[in-house]
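Residue numbers (this note's numbering): 349 to 497. Everything on this sheet refers to the single structure shown next.
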């Protein structure tokens, strides 16, 4: 059974995640990007293959359908943020890469996001410790019996 205390902590966690999401969206807009364009740039830059992700891989990262990502990439390409390149090994495959302006916008956004995450780390750590100590029966990683059980 889930305790009232755990429901409260889950609410606080969920609210904190939503606040960070909203803050991130506001930062993207202030940088002249839509939140989804910001996520696209991050997906391209964060992809492990230096050739860039495929449209399908971007769709997986962003939890979008393939055709939605095609439209997103079309608009981002039109804005000069990304470009499409044929895979040199398989010309059927199209990869997405950042342009210099796209990389510069992402770099600026990444810097403010890292600073915000540093600020939030202590709060999130305290909240996580509270979650795992309240309900060890729910199998949180690192959970330990709470003093009131």
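Cβ atoms here follow ideal geometry from the backbone N, Cα and C, with glycine treated the same way.
(request) Give the single residue among 465, 481, 480 and 470 whose Cα lies nearest to the Cα of residue 371. (result) 465
(message) Let's see if you can read the secondary structure: which residues bound the beta strand (DSSP E) around residue 430?
(response) 430-434
(request) Give the straight-line distance between the Cα atoms of residue 350 and residue 360, rounded to the nearest whole angstrom. (result) 15 Å
(request) Count the CB pairs spanning the region 447-457 and the region 386-394 that are closer than 8 Å, and state whether there are at least three. (result) yes
(message) According to DSSP, simplified to helix, strand and coil, what is residue 474?
(response) helix
(request) List the DSSP bridge partners of residue 357. (result) Per DSSP, none; premise fails for residue 357.
(request) Locate the alpha helix (DSSP H) running through residue 420, then write down its first and last residues. (result) 414-426
(request) Tell me whether residue 446 sits in a helix, a strand or coil according to DSSP, three-state version. (result) strand
(request) Rounded to whole angstroms, what's the CA-CA distance from residue 447 to residue 416? Just pull it up for me. (result) 21 Å
(request) Could you spell out the range, first to last residue, of the alpha helix (DSSP H) harbouring residue 381? (result) Per DSSP, residue 381 belongs to no alpha helix (DSSP H) and is neither H nor E.
(request) Below 8 Å on the Cβ atoms is my guess for residue 402 versus residue 440; work out the distance and round it to an integer in Å. (result) So it is not a contact: roughly 10 Å between Cβ atoms.
(message) Can you give me the C-alpha to C-alpha distance between residue 397 and residue 481, rounded to a whole angstrom?
(response) 39 Å
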